[in-house]
Every structure is written in structure tokens, then in C-alpha cells.
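Peer 1: One structure, as C-alpha cells, below. Some questions next.
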Amino acid sequence: MSGDYALSQERSNRVKTVKNRVIGLSIVVTLAIVLATGIACAESADESDARGTLYLVDQDWNGQLVTTAVAQILLEQEMEHTVATKFAPADSAPLFIGLERGDFHFVCCNWPSYSAALLEEYVDAEDAEVERMGTVGISGETGWYVPSYVIHGDAERGIEAVAPDLRTVSDLNKYKDVFATSDTGSKGRLLEFTAAWDTRPEERLEAFGADFQVVFAGSEGAALAELDAAFQRGEPILTYLWEPHWAHAKYNLVQIEMPEWTPDCYPDGSNFNCGFPTDAVAKLIWPGLEDEFPEAYEFLTRFQMTNEEQNEIVLNLTENDLTVRQAAQEWVDANESIWRAWIP
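Quick look at the structure:
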């Protein structure tokens, strides 16, 4: 009986020893996995930290803001970059100075006709310190517009046409009283967004012989609020606008014809008796971008946005009261088939 007990005790001790060895081995393996994972995460974090922060430019119009937001989301979520944005007024001296100094690294949407002198100084000069990265895919068209009901009326809303023969800028004086307001007196009124954009409306009006006065709303939002109010009341309004822009999807607008732009016209020349040039909207970069952020550079080289895509995002933002980030994220979530090829 005592022999059986001794044998049983010996077996029990052996089992305990094996269990302890298994447990000990499991702990060692687990610690090794945790340590390896920690090292990998640390290396990934160190790599992200070593790359520094990539600065994209935000500007003062929604089309640019959503395009930048799409790029930022993909750089952060698909490429694990640390990305921040800084503001600079559209196509302004601070924008080009910031790109030259490396305060900004990338801007998505430069309209060349709005910054001809700055491009000549900072991009095209022999000692230029700002680089073009090709076009972003957007074709920019600028002009002056009126609601369709101004020309054609709107029987459903009981609106009569008040400028039925308005087709070209040569017809503006015939209807200047239609567009006159209390702040312009006997002159017609042309609504512009901001003087900072250098669209030269006064020079164009003078060249066209149009007895109109320019009123600057101060911002895109303020101008569009005024446009919307005019539509709600069925009142005439003549406004500056461009394409791509979500307003064309919401409002029925008619563009007023201008003489065709030629190379002797502003901004390439000094003639203002003509329309606006078509802008191949360009990406501009800090020259150190490729060396400092090579993967981001490759991504941004491939990054594209069409007129239709930009309009889709901005219309969603506006109609559904979204933030810029929310509207851009919804587009990213729904369009992997478009952006996947941009990721290196």
C-alpha cells in the first residue's frame, strides 16, 4: 500500500513538473510575441515620427477644401502619415512664400490665371523656389452668371422674364436698371466674391462699356448666401462664379457670353475686352517634398480630382450640412476603386 502511494506521488510530481515547464514556456513565448509586437509598433511610430508632419494648404473656397481633405484622409488612413493643414488665401503671396520656405508642403488647386505675377516670380523664374507637380485634373471655367428666370422667366413660380434679350456683355447696359440696387444707384450691380482673388472686374466692365458697379461680398459663403436669397425671392442678380462649383447643380444659371480669351488678354496680356481663360488647375509643392516625404510625394503625384467628383463632394457637404472632413470621408469610403491606384 505504501509502495502504491509512493508511485502515485512520483507520478503527480512528474505531471506538475511538465505543467510548470509548459506554463513557463508559454510565458516565454507570450513575452517574446509581446516584445516583438512592441518593437514593431515602436519602429512604426519611430518611422512616423522621423518623417515629421506633412503640411497641406487649406484655402478660402469649398472645392479646394474638400480636395485637400480627401488627400489628407488617404495620407493618414492608408499611408500612416502625420498630416496637418495650414490656411493661406487662394493664390496669394503668403501661399507662395510659405511654399518657398517649407511652411507649406503641398497645395492642390492653383488657378494660374488668378496668380500670374506670383507664378512668374516664384515658379517660372530661373531661381524659383516653388515647383509645379502637374495638374490635379480640374478644368477651371470662370464667368458672370444670371438665374435662368431673369432671361426666360419661370411660369411655375409666376416670374416674368425681365431681361429676355440678355445674351452677351454687350447687352448689359440695356438692362442695367434691372440689376441696379440701392447701393449702386443708377448703375447695374455685379456681385463678386473677394477682391483678393484679382479677377479684375472693374477693368472688364470698363472695357465692355458696361455701366455697372462691382460689389464684393467678402467671401464665397457670403456671396452664395446672397445668390440663394435672390433665387428664393425670384429677383435678378448678376454674379461672378466658376466651374466646377456645386451651385450649378442647385441653381439654373445662364452664363453671359464674353469675347473669347486670347493671349493678349489678361493675365497674359493687358487687354480686358475678353473673357476668362480656361485654367488647368495645378498642384504646387515645396521643392524639398520628394526628399523629405518620398512616399507622400509619389501619392500626391498620382492624386487627381475631376470637376464632377469635386462638385459631388461639395454638393453633399452643402445639402446635408456636413463638415468638410465628413463629406470627404464619405467620398473616400464610397470610391476606393478610384483612389486605390494612387497609393504607392
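Each residue of the sequence shown is one higher than the one before, counting from 65 in our numbering. No residue lacks a Cβ here, since even glycine has one placed at the ideal position from N, Cα and C.
Since D292 is in the beta strand (DSSP E), which residue starts that stretch and which ends it?
Peer 2: From DSSP, D292 is part of no beta strand (DSSP E) but of the alpha helix (DSSP H) over 284-297.
Peer 1: I'd like the span of the beta strand (DSSP E) that includes D275, first residue to last.
Peer 2: Here D275 belongs to no beta strand (DSSP E), and DSSP marks it neither H nor E.
Peer 1: Tell me, which residues are paired with V171 by DSSP?
Peer 2: Partner(s): L348.
Peer 1: The alpha helix (DSSP H) with K240 in it runs from where to where?
Peer 2: Its alpha helix (DSSP H) spans residues 240-243.
Peer 1: Three or more C-beta pairs closer than 8 angstroms, one from the stretch 141-150 and one from the stretch 173-180: is that the case here?
Peer 2: In short, these stretches do not touch, since the Cβ pair count stays below three.
Peer 1: If you draw a straight line from the alpha carbon of V82 to that of R366, how long is it in whole angstroms?
Peer 2: At V82, the pLDDT of 39 sits below 50, so the modelled position is not reliable; the number obtained from the coordinates is stated separately. Computed Cα separation, rounded: 59 angstroms.
Peer 1: Using the DSSP secondary-structure output, state which residues sit across from G207 in a beta bridge.
Peer 2: Per DSSP, L305.
Peer 1: Under DSSP, the alpha helix (DSSP H) around L139 begins and ends at which residues?
Peer 2: Where L139 is concerned, the enclosing alpha helix (DSSP H) stretches over 126-141.
Peer 1: Rounded to a whole number of angstroms, what is the C-alpha to C-alpha distance between G314 and F295?
Peer 2: Sequence inspection shows Lys at residue 314; the Gly mentioned does not correspond to that position. Cα to Cα, K314 sits roughly 10 angstroms from F295.
Peer 1: Whole angstroms are fine: how far does the CA of F170 sit from the CA of T117?
Peer 2: Their Cα atoms are separated by approximately 12 angstroms.
Peer 1: Where does N335 sit, in a helix, a strand or coil, going by DSSP?
Peer 2: N335: strand per DSSP, three-state reduction.
Peer 1: Spell out the partners DSSP gives R253 in its beta bridges.
Peer 2: Its beta-bridge partners are Q277.
Peer 1: Hey, quick one: how far does the alpha helix (DSSP H) through D397 stretch, first residue to last?
Peer 2: D397 -> alpha helix (DSSP H) spans 388-398.
Peer 1: In whole angstroms, give me the CA-to-CA distance for E284 and F336.
Peer 2: If you take the alpha carbons of E284 and F336, they lie about 24 angstroms apart.
Peer 1: Need the endpoints of the alpha helix (DSSP H) that V194 sits in, please.
Peer 2: No alpha helix (DSSP H) contains V194, which DSSP labels as neither H nor E.
Peer 1: When you compare only the Cα positions, how much space is there between I402 and L129?
Peer 2: For I402 and L129, the distance between alpha carbons rounds to 19 angstroms.
Peer 1: Report all residues from its chain with a CB closer than 6 angstroms to the CB of G201; omit the five preceding and five following residues, and keep chain order.
Peer 2: So the list reads Q368, M369, T370, once near-sequence residues are dropped.
Peer 1: Under a three-way DSSP split, which group does T342 fall into?
Peer 2: Looking at T342 - three-state DSSP - the assignment turns out to be coil, as it is neither helix nor strand.
Peer 1: Excluding sequence positions up to five away, which residues of its chain have a Cβ less than 7 angstroms from the Cβ of I87?
Peer 2: Confidence at I87 is low in this model, with a pLDDT of 39, below 50, so the placement of that residue is unreliable and no value is reported for it.
Peer 1: Which of helix, strand or coil does DSSP assign to L230?
Peer 2: Correct three-state label for L230: coil.
Peer 1: Looking only at C-alpha atoms, which of V279, A405, G198 sits nearest to I349?
Peer 2: Measuring from the Cα of I349, the nearest candidate turns out to be G198.
Peer 1: Is it buried or exposed for E256, if we count other Cβ within 10 angstroms and need 16 for buried?
Peer 2: Buried: at least 16 other Cβ atoms inside 10 Å.
Peer 1: Tell whether a beta-carbon distance below 8 angstroms holds between L236 and A274.
Peer 2: Yes. Within cutoff.
Peer 1: For the alpha helix (DSSP H) holding Y213, just list the boundary residues, first then last.
Peer 2: Run containing Y213: 212-216, per the alpha helix (DSSP H) assignment.
Peer 1: Can you list, in chain order, the residues of its chain whose CB lies under 6 angstroms from that of V378, leaving out five sequence neighbours each side?
Peer 2: The residues are N126, G127, V130, W310.
Peer 1: Tell me whether V378 sits in a helix, a strand or coil according to DSSP, three-state version.
Peer 2: DSSP places V378 in helix when its eight states are reduced to three.
Peer 1: Does the beta-carbon of E376 have 16 or more other beta-carbons within 10 angstroms, so that it is buried, or is it exposed?
Peer 2: When all chains shown are included, E376 counts as buried.
Peer 1: Would you call the stretch 182-197 and the stretch 216-232 touching, i.e. three or more CB-CB distances under 8 angstroms?
Peer 2: Not touching, per the Cβ criterion.
Peer 1: According to DSSP, which residues form a beta bridge with Y119?
Peer 2: DSSP, once it has assigned bridges, lists A148 as partnering Y119.
Peer 1: Using 8 angstroms for Cβ pairs, my map puts V210 next to P358. What's the rounded Cβ distance?
Peer 2: Contact doesn't hold; Cβ gap of about 49 angstroms is too wide.
Peer 1: What does the alpha-carbon distance come out to for the pair I137 and D167?
Peer 2: C-alpha separation (whole angstroms): 20 angstroms.
Peer 1: Kindly indicate the opening and closing residues of the alpha helix (DSSP H) around L364.
Peer 2: It spans 358-366 - the alpha helix (DSSP H) in which L364 sits, taken as one unbroken run.
Peer 1: Within 10 angstroms of the Cβ of G162, are there 16 or more other Cβ atoms? Answer buried if so, exposed if not.
Peer 2: So G162 counts as buried.
Peer 1: How would you label K238, buried or exposed, when you count the other beta carbons within 10 angstroms and need 16 or more for buried?
Peer 2: By the 10 Å Cβ count, K238 comes out exposed.
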